[in-house]
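Written below as structure tokens is the structure these notes are about.
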Amino acid sequence: MNYKALAKQAIKGKKLSFDEAMQLLKTSDDDTFEFLSAANHIKRAFKGNKVKLCAIVNAKSGKCTENCSFCAQSAHHKANSDIYPLMSDKKIFSAAKKSEEEMMATCFSIVTSGKSIIKKDELATIGTAIKNISKKTSLNRCVSMGTLSKKQIEELKAKGLKRLHHNLETAESFFGNICTTHSYKERLDTIKEAKKAGLEICSGGIFGLGESLEQRLELAFTLRELEVESVPINILNPIKGTPAAKNYKPIKPFEVLRLIATYRFLLPKADIGVFGGREKALRSLQPLMFIAGANVTLIGNYLTTKGRSPEKDLQMINELGLKIDQDN
Numbered sequence: 001m002n003y004k005a006l007a008k009q010a011i012k013g014k015k016l017s018f019d020e021a022m023q024l025l026k027t028s029d030d031d032t033f034e035f036l037s038a039a040n041h042i043k044r045a046f047k048g049n050k051v052k053l054c055a056i057v058n059a060k061s062g063k064c065t066e067n068c069s070f071c072a073q074s075a076h077h078k079a080n081s082d083i084y085p086l087m088s089d090k091k092i093f094s095a096a097k098k099s100e101e102e103m104m105a106t107c108f109s110i111v112t113s114g115k116s117i118i119k120k121d122e123l124a125t126i127g128t129a130i131k132n133i134s135k136k137t138s139l140n141r142c143v144s145m146g147t148l149s150k151k152q153i154e155e156l157k158a159k160g161l162k163r164l165h166h167n168l169e170t171a172e173s174f175f176g177n178i179c180t181t182h183s184y185k186e187r188l189d190t191i192k193e194a195k196k197a198g199l200e201i202c203s204g205g206i207f208g209l210g211e212s213l214e215q216r217l218e219l220a221f222t223l224r225e226l227e228v229e230s231v232p233i234n235i236l237n238p239i240k241g242t243p244a245a246k247n248y249k250p251i252k253p254f255e256v257l258r259l260i261a262t263y264r265f266l267l268p269k270a271d272i273g274v275f276g277g278r279e280k281a282l283r284s285l286q287p288l289m290f291i292a293g294a295n296v297t298l299i300g301n302y303l304t305t306k307g308r309s310p311e312k313d314l315q316m317i318n319e320l321g322l323k324i325d326q327d328n
């Protein structure tokens with residue numbers, strides 16, 4: 001396969017077919033580095049040598065009514081996760097300020113457990129936090145709050161919200177295997193409503209849940225159709241007590257890198273991030289995620305699991321000759 005020629009076509013705007021994408025995803029180990037180099041060429045064309053750093057705060061944790069098979073916060077599972085109500089707006093702002101000053105984060109997301117935020121006082125608290133983050137930092141403001149109505153989206157946007165994070169998690173054809181308490185359509189509807197309101201969209205998935213290669217591509221093609229701005233790639237880090245941990249089969253590092261590269265070919269202009277599970281999935285090959293086409297990563301801790309130290313991530317980025325992208 002002529003990876004360089006395909007990369008040039010992707011840069012010029014040619015959309016890869018499903019069959020072409022499958023050939024990329026099935027690249028042999030022997031040809032993987034050539035494939036990654038071509039993906040890096042696409043990334044450089046649209047993103048230069050810069051990396052965006054996202055940070056999150058788990059602002060409300062546990063007792064989620066939904067039964068997503070991978071999530072430790074679900075009330076349906078017996079995983080050991082923290083349970084606490086919504087943080088104050090001051091505590092949320094403090095976490096945002098710390099992420100900017102100590103971790104060089106460029107985007108900050110407020111994450112809450114549950115299918116949605118129903119209480120008006122909770123929405124008001126989050127709105128106040130967003131307003132303060134907007135006024136007192138240069139961070140891109142993002143929320144990950146499950147299902148949101150048009151009215152809620154507009155209210156948060158008026159406070160300074162710029163981006164909605166709402167993962168599709170997996171392909172529509174596989175979604176029923178990981179969640180039965182809400183539909184794929186509900187997730188799509190929230191994304192479409194946020195796009196109508198003028199928000200940027202951050203949406204991706206979790207891989208290693210038992211989905212097929214075809215379903216990994218199905219998700220990518222859905223995201224391409226939605227024209228999302230940012231795509232987070234998470235690799236399952238199985239948590240004891242969750243259904244997803246029972247039949248967990250690790251994805252090999254090269255397989256993860258090929259997944260990243262394929263998504264870069266399919267979504268050449270999007271921000272492609274590698275978030276949860278990267279340390280365990282990529283191990284010593286972790287720096288190669290930026291060669292494979294990624295230009296974003298999450299710095300600091302994840303939602304219910306610890307990340308590695310920000311100092312190590314910043315060192316990795318520096319040693320690769322990459323720069324932190326401060327343009328929001």
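Take the sequence shown: its letters are residues 1 to 328, numbered as in UniProt numbering.
Quick reminder that beta carbons are idealized off the backbone N, C-alpha and C, glycines included.
Counting only the Cα atoms, Ile118 lies some 43 Å from Ser284.
The beta-carbon separation of Ala270 and Gly293, rounded to 10 Å, does not stay under the 8 Å limit for a contact.
Taking C-beta atoms under 8 Å as the contact rule, Ala59 and Thr112 qualify, at a distance of about 5 Å. Taking 9 Å as the cut-off, the Cβ atoms of Leu164 and Thr190 count as close. The C-beta distance from Gln215 to Thr170 rounds to 7 Å, short enough to fall under 8 Å.
Rounded to whole angstroms, the Cβ separation of Asp325 and Lys52 is 5 Å, and the two are in contact under 8 Å. Proximity to Lys246 across Phe221, Lys280, Gly208, Phe254 peaks at Gly208, based on C-alpha coordinates. Short of 8 Å from the beta carbon of Phe18, and not among the five residues preceding or following it, lie these beta carbons of its own chain, in chain order: Leu217, Phe221. For Tyr184, the three-state secondary structure derived from DSSP is helix. Assignment of Tyr84 by DSSP, reduced to helix, strand and coil, places it in the strand class. Excluding the 5 residues flanking it on each side, Lys195 has same chain C-beta neighbours closer than 7 Å at Ile201, in chain order. Glu211 sits buried, since 16 or more C-beta atoms from the chains shown fall within 10 Å of its C-beta. One alpha carbon belongs to Met145, the other to Leu156, and they sit about 11 Å apart. Between the alpha carbons of Gly114 and Lys26 lies a gap of roughly 37 Å. Unbroken beta strand (DSSP E) stretches of 3 residues or longer found wholly inside the stretch 252-284: 271-274, given in chain order. Beta-carbon to beta-carbon, Gly127 and Lys90 are separated by about 14 Å, too far to satisfy the 8 Å threshold. Distance from the CA of Ile272 to the CA of Pro232, rounded to the nearest whole angstrom, comes to 6 Å.
Rounded to whole angstroms, the separation of the alpha carbons of Asp30 and Ser37 is 13 Å. As for any alpha helix (DSSP H) of minimum length 4 sitting wholly inside the stretch 82-119, the runs are 89-103, ordered along the chain.
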